[in-house]
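*Asks:* Before we start, here is the structure in question, set down as structure tokens.
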Amino acid sequence: MATGICEKCAQLLKDFVAYVKRLSSELVQKITECIKNLSRCSCLRRKRATVASYISEQHERQAARALLNHLDTVDYPLPVALLEPYTALLLSNDMEVQRITTLSLVHLLVKNKVSKEQVIETGMLMPLLEMLQSGDPTVQCNSCQCIASLASSDSNREAIVSAEGVIPLLVLAKSYDPRVQQNAVCALLNLTQSERTMGVLCQEGAIPVLALLLQSSNYEVQFYSCSALSNIATVPGHHPKMLGIGDRFLLKSLLTLMSSSVQKNASQACRCLQILSGNVVTQEQLMYLNCVLPLKALLCSATPPLTESAIALLSELATHQPNREGLVNEGLVQVIGQLLLCHRSSSIINHSVVTITNLSSTSEGQQAVMDSECVTGLLKALVSSVTSEETVLCVTSCLHHLTSWDLLQSHLATNITPEHVSSLVKFSAQMDNLELSYRSASIISKLKMNEHVIQLLTPHYAAISEYLLMYLKNQEVRFQQLSIVTLCNLKKDREFSVLMIGSVLEKQLKRVHAQTEQTRQLLQAIQMPPSS
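See the structure below:
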């Protein structure tokens, strides 16, 4: 054949198409043999700028399409043998074949029709990385998406980094093609999932690139870059590089992103700032940059994920003593009170509890708690059927803290209801959770015994007496002391004093008194100077 491909190759292609159509059991073997034989034949050398060369390229494209279209229709995970043609096709010099092959591989990876580890094992990684530097945007886009998908596996991340795949991805993260850029940044995000590969990224200069991408007009690029920075921020050793970008660039960009109309981006920006706020200097800079304004807006959002991210950041800021006055003055205690009334999320409640505890450390904070719905919200969370035991422990811890202030003791006594008292009594008797038991009983012990409180406690005197008896028998001194303090408070009610007369509780109290007196005398004897 003077102007066409050789007869041998023509027959091979004809046989190959027939096998694909019939889906014969010998398909895999024929595909492999066909591709190998085609690649060896001199008639397919691209450098021959002849009509024969053009025809051979057309046949190669047709063969690639036929093969890949068939493989895309296979429902089950492909065996390793079927991946061999992919490796050969990725090495093709024909741009169209590269486009077809990389797109097909993207589909297989997205649909989980092929094992990501097997793609690496069959030698496809290096051709894919080389294609990142292709002059064709489609090939770059597809190969980038393949790398991003492969990077979701620990072992594959190591392989990509070892094959020097970081620099090409960082270059494409600056691409003017939005598809290429988005897939490149997604790949970088996946490489931050492992601490070692994350470290390589940072060494290669990923932090300033990702920081700049926070200002991208592409919302997905913003999200991927912010998520990557959040992962990097979990390693404190990277904070100097992150915060060292001139004029607080990263913090300003994250604060701007907090106001994004795209909720997941605003939430992720909050998360990144919260992680970085473990650093006191960062907190001071955030307060200087007036972070409270966007933070307050997110706290008032009706979207739980946004609120959760915002309250987590506020909780972190409230741990730093110098920030508390400013946070109280900005009305954030009132905002938290409303949150507790509206949200039942354990995360929101837990962070709110920590924030209230910290902000109430000053007289201004205590007054703010009184003027807000915080106590009402805490009591509501206490009796909610969806509140977990861990969250109940946090709530009782906060109430226990608040009742250490005289001002708030009266406030609590005014707001407490029969349902709240029933729950506190029940928790006080749960000795399988000592902290919950202790904190609940401590709250009861500090209730102001006014007419309202006495009326609420009276139906529970028998149950209260039972757990106080357990406390007196407990080996921990703090439980014995709490029992005595509670008895002193309850005896302000004449009815309880009458119930105490001749009771088992009274007898146990006398035993504790006798033991204490004996201990006192022994200690006194030890401390007496020896007689001359």
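Per full-length UniProt numbering, the very first residue in the sequence shown carries number 1; after that it's consecutive.
Even for Gly, the Cβ is constructed at its ideal location relative to N, Cα and C.
Because the structure is a prediction, the values reported are computed rather than measured.
1. Under 8 Å between the Cβ atoms of Ala173 and Leu213?
2. Is the beta carbon of Leu273 less than 8 Å from the beta carbon of Leu313?
3. Identify, in the order they occur along the chain, each residue of the same chain with its Cβ nearer than 7 Å to the Cβ of Arg439, setting aside the five sequence neighbours on each side.
4. Can you tell me whether Gln140 is buried or exposed, with buried defined as 16 or more other CB within 10 angstroms of its CB?
5. Go to Asn190, then tell me how far its alpha helix (DSSP H) extends in each direction, as first and last residue.
6. Excluding the five sequence neighbours on either side, which residues of its own chain have a C-beta within less than 7 Å of the C-beta of Thr303, listed in chain order?
7. If you measure between the beta carbons of Ala206 and Leu188, is that distance less than 8 Å?
8. For the pair the segment 414-432 and the segment 365-372, tell me if three or more CB-CB distances fall below 8 Å.
9. Taking the alpha helix (DSSP H) that Gly365 falls in, what are its first and last residues?
10. Give the secondary structure of Ser309 by DSSP, where H, G and I count as helix, E and B as strand, and everything else as coil.
11. Take Lys446 as the anchor and find which of Ser483, Leu169, Val280 has the nearest alpha-carbon.
12. Whole angstroms is fine: what's the gap from Ser465's alpha carbon to Asn450's?
13. Ala469 and Val504 look like a contact to me (Cβ under 8 Å); what is the Cβ gap, rounded to whole Å?
14. Tell me whether Val51 sits in a helix, a strand or coil according to DSSP, three-state version.
15. Just the C-alpha distance for Gln181 and Leu276, rounded to the nearest angstrom, thanks.
16. For Arg46, which three-state DSSP category applies?
17. What separation, rounded to the nearest whole angstrom, lies between the Cα atoms of Ser423 and Ser363?
18. Cutting at 6 Å between CB atoms, please list the residues of its own chain near Lys491, excluding the five before and the five after it.
19. When you compare only the Cα positions, how much space is there between Leu254 and Ala211?
20. Taking the alpha carbon of Phe479 as the point to measure from, which residue in Ile454, Ala463, Leu436 has its own alpha carbon closest?
21. DSSP three-state label for Glu517, please.
22. Can you find the residues in the same chain that come closer than 6 Å, C-beta to C-beta, to Phe427, ignoring five residues on each side of it along the sequence?
23. Would you give the residue range spanned by the alpha helix (DSSP H) that Glu130 belongs to?
24. With a threshold of 7 Å on Cβ separation, who are the neighbours of Tyr219 within its own chain once the five nearest residues in sequence on each side are excluded?
25. Output the boundary residues of the alpha helix (DSSP H) element that contains Thr403.
26. Kindly indicate which residue of Glu330, His320, Arg324 has the alpha-carbon position closest to the one of Pro294.
27. For the alpha helix (DSSP H) holding Asn450, just list the boundary residues, first then last.
28. Within the same chain, show all residues whose beta-carbon is closer than 7 Å to that of Leu257, passing over the 5 residues directly before and after it, in chain order.
29. Just verifying my parser: in three-state terms, what is the DSSP assignment at Arg157?
30. For Ile443, which residues from the same chain have a beta carbon less than 7 Å from its beta carbon, with the 5 sequence-adjacent residues on both sides left out?
31. What does a CB cutoff of less than 8 Å around Ala318 pick up in its chain, not counting 5 residues either side in sequence?
32. Let me confirm a value: residue 574 is counted as buried when at least 16 other C-beta atoms fall within 10 Å, else exposed. Which label applies?
33. Count the other C-beta atoms from every protein chain shown that fall within 10 angstroms of the C-beta of residue 589, then say buried if there are 16 or more, exposed otherwise.
*Replies:* Looking at the atomic coordinates:
1. Start at 1 with the first residue of the sequence shown, and residue 173 comes out as number 173. Start at 1 with the first residue of the sequence shown, and residue 213 comes out as number 213. Cβ atoms of Ala173 and Leu213: closer than 8 Å.
2. As a first step, residue 273 is located in the sequence shown; it is residue number 273 there, counting from the start. As a first step, residue 313 is located in the sequence shown; it is residue number 313 there, counting from the start. Result yes, Cβ atoms of Leu273 and Leu313 sit closer than 8 Å.
3. What you label residue 439 is simply residue 439 of the sequence shown in a count that begins at 1. Cβ neighbours of Arg439 beyond the five flanking positions: Thr396, Ser397, His400.
4. Taking the sequence shown and counting its residues from 1, the one referred to as residue 140 is at position 140. Answer is buried; the Cβ neighbour count reaches 16.
5. The count along the sequence shown starts at 1 and reaches residue 190 at position 190. Segment 178-191, the alpha helix (DSSP H) holding Asn190.
6. Here the question's residue 303 lines up with position 303 in the sequence shown. Cβ neighbours of Thr303 beyond the five flanking positions: Gln263.
7. Start at 1 with the first residue of the sequence shown, and residue 206 comes out as number 206. Start at 1 with the first residue of the sequence shown, and residue 188 comes out as number 188. Contact: yes.
8. Touching, no, given that fewer than three Cβ pairs across the two stretches are closer than 8 Å.
9. As a working mapping, residue 365 is identified with position 365 in the sequence shown. Counting along the chain, the alpha helix (DSSP H) containing Gly365 begins and ends at 363-370.
10. The count along the sequence shown starts at 1 and reaches residue 309 at position 309. Helix at Ser309.
11. Position 446 of the sequence shown, counted from the start, is the residue given in the question as residue 446. Taking only the C-alpha atoms, the option nearest Lys446 is Ser483.
12. Within the sequence shown, residue 465 is the residue found at index 465, counting from 1. Within the sequence shown, residue 450 is the residue found at index 450, counting from 1. About 20 Å.
13. For this step, residue 469 is matched to residue 469 along the sequence shown. For this step, residue 504 is matched to residue 504 along the sequence shown. For clarity, residue 469 is Leu in the given sequence; the question names Ala instead. At roughly 6 Å, the Cβ-Cβ gap stays under 8 Å, so Leu469 and Val504 are in contact.
14. Here residue 51 refers to the residue found at position 51 of the sequence shown. In this predicted model, Val51 has a pLDDT of only 39, less than 50, meaning its place in the structure is not dependable; the value taken from the coordinates is given anyway. Helix, per DSSP.
15. Along the sequence shown, one-based indexing puts residue 181 at 181. Along the sequence shown, one-based indexing puts residue 276 at 276. Roughly 26 Å between the two C-alpha positions.
16. If you number the sequence shown from 1, residue 46 lands on position 46. Model confidence at Arg46 stands at a pLDDT of 45, short of 50, so the residue's coordinates are unreliable; what they give is reported in the following sentence. Three-state result, Arg46: coil.
17. Position 423 of the sequence shown, counted from the start, is the residue given in the question as residue 423. Position 363 of the sequence shown, counted from the start, is the residue given in the question as residue 363. Answer to the nearest angstrom: the Cα atoms are 29 Å apart.
18. Walking along the sequence shown from the start, residue 491 turns up at place 491. So the qualifying residues of the chain are Ser497.
19. For this step, residue 254 is matched to residue 254 along the sequence shown. For this step, residue 211 is matched to residue 211 along the sequence shown. The alpha-carbon atoms of Leu254 and Ala211 are separated by roughly 9 Å.
20. To locate residue 479, count along the sequence shown from 1; it is residue 479. Comparing Cα positions, the closest option is Leu436.
21. One-based indexing of the sequence shown puts residue 517 at position 517. Reduced to three states, the DSSP call for Glu517 is helix.
22. Indexing the sequence shown from 1 puts residue 427 at position 427. Excluding positions up to five away in sequence, the list reads Leu436, Ser440.
23. Translated into positions along the sequence shown, residue 130 becomes position 130. Its alpha helix (DSSP H) spans residues 125-131.
24. As a working mapping, residue 219 is identified with position 219 in the sequence shown. These residues qualify, in order along the chain: Val262, Asn265.
25. The residue given as residue 403 occupies position 403 in the sequence shown. Counting along the chain, Thr403 falls outside any alpha helix (DSSP H), and DSSP gives it neither H nor E.
26. Your numbering for residue 294 matches position 294 in the sequence shown. Among Glu330, His320, Arg324, the Cα nearest to that of Pro294 is on Glu330.
27. In the sequence shown, the residue the question calls residue 450 occupies position 450. Segment: none, Asn450 is in no alpha helix (DSSP H) and carries neither H nor E.
28. Your numbering for residue 257 matches position 257 in the sequence shown. So the qualifying residues of the chain are Leu214, Gln222, Cys226, Asn265, Ala266, Ala269.
29. On the sequence shown, residue 157 is found 157 positions in, with the first residue counted as 1. Looking at Arg157 - three-state DSSP - the assignment turns out to be helix.
30. To locate residue 443, count along the sequence shown from 1; it is residue 443. If we look at Ile443 and ignore the five residues flanking it on each side, its Cβ neighbours are Thr396, Leu399, His400, Thr403, Leu424.
31. Your numbering for residue 318 matches position 318 in the sequence shown. Excluding positions up to five away in sequence, the list reads Arg324, Leu327, Val354, Thr355, Asn358, Leu359.
32. An answer regarding residue 574 cannot be provided, because it is not within the stretch 1 to 532 covered by the chain.
33. Because the chain is modelled from 1 through 532, residue 589 falls outside the range shown and cannot be assessed.
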